[in-house]
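Peer 1:
Numbering (this note's numbering), first residue to last: 2 to 121.
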């Protein structure tokens with residue numbers, strides 16, 4: 002029996018590519034890294050490690066935070082009012098802060114709530 006090596010090779014390459022793509026999507030969906038908030042400016046005071054698996058859920062902080070360090074594949078939306086309400090503290094408006102995936106800094110106001118953003 003004669004085997005068509007080209008056809009067999011193409012099938013193997015296609016199967017390998019499918020497996021690689023499936024692995025890449027699973028890796029993208031996984032939470033990587035960490036985001037930490039600090040009660041003081043310039044990453045001082047008490048550290049609060051965020052649970053990055055709670056995507057899209059508004060979370061209240063037990064104490065206001067002033068700074069952050071982010072090294073993650075997810076950004077965090079930070080709010081200066083309870084219930085992830087936008088605006089300056091005690092005021093209506095569209096103000097909020099997004100950490101980005103890699104960075105550090107101080108918030109313009111004390112932050113009291115946050116929401117983890119989806120990676121996709």
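Idealized CB from N, CA, C, for every residue including glycine. In this text the structure is predicted, and so the values were computed from the model without any measurement.
With 16 other CB atoms within 10 Å as the buried threshold, where does residue 99 fall?
Peer 2: exposed
Peer 1: Under 8 angstroms by Cβ, that's how I've got residue 84 and residue 118 pegged, so tell me the actual separation to the nearest angstrom.
Peer 2: In fact, because the Cβ distance is near 17 angstroms, the residues do not count as touching under 8 angstroms.
Peer 1: Find out if the Cβ-Cβ distance for the pair residue 111, residue 81 is shorter than 8 angstroms.
Peer 2: Against a cut-off of 8 angstroms, the Cβ pair of residue 81 and residue 111 comes out as a contact.
Peer 1: Buried or exposed, going by whether 16 or more other CB atoms sit within 10 Å of the CB of residue 71?
Peer 2: buried
Peer 1: My understanding is that residue 68 touches residue 107, with C-beta atoms under 8 angstroms, so please give their C-beta distance in whole angstroms.
Peer 2: Approximately 5 angstroms separates the beta-carbon atoms of residue 68 and residue 107; this is inside 8 angstroms, confirming the contact.
Peer 1: Residue 57 CB to nearest chain D CB: under 8 angstroms?
Peer 2: Here there is only one protein chain, and chain D is not present.
Peer 1: Given residue 64, which residues of its chain have a CB within under 6 angstroms of its CB, disregarding the five upstream and five downstream residues?
Peer 2: 40
Peer 1: When the Cα atoms are used, what is the spatial distance from residue 116 to residue 37?
Peer 2: 13 angstroms
Peer 1: From the DSSP output, in three-state form, read off residue 78 for me.
Peer 2: strand
Peer 1: Return the bridge partner residues of residue 88 from the DSSP annotation.
Peer 2: Beta-bridge pairing links residue 88 to no other residue.
Peer 1: By how many angstroms is the C-alpha of residue 86 removed from the C-alpha of residue 92?
Peer 2: 9 angstroms
Peer 1: Please report how far the alpha carbon of residue 57 lies from the alpha carbon of residue 49, in whole angstroms.
Peer 2: Each residue's alpha carbon lies about 18 angstroms from the other.
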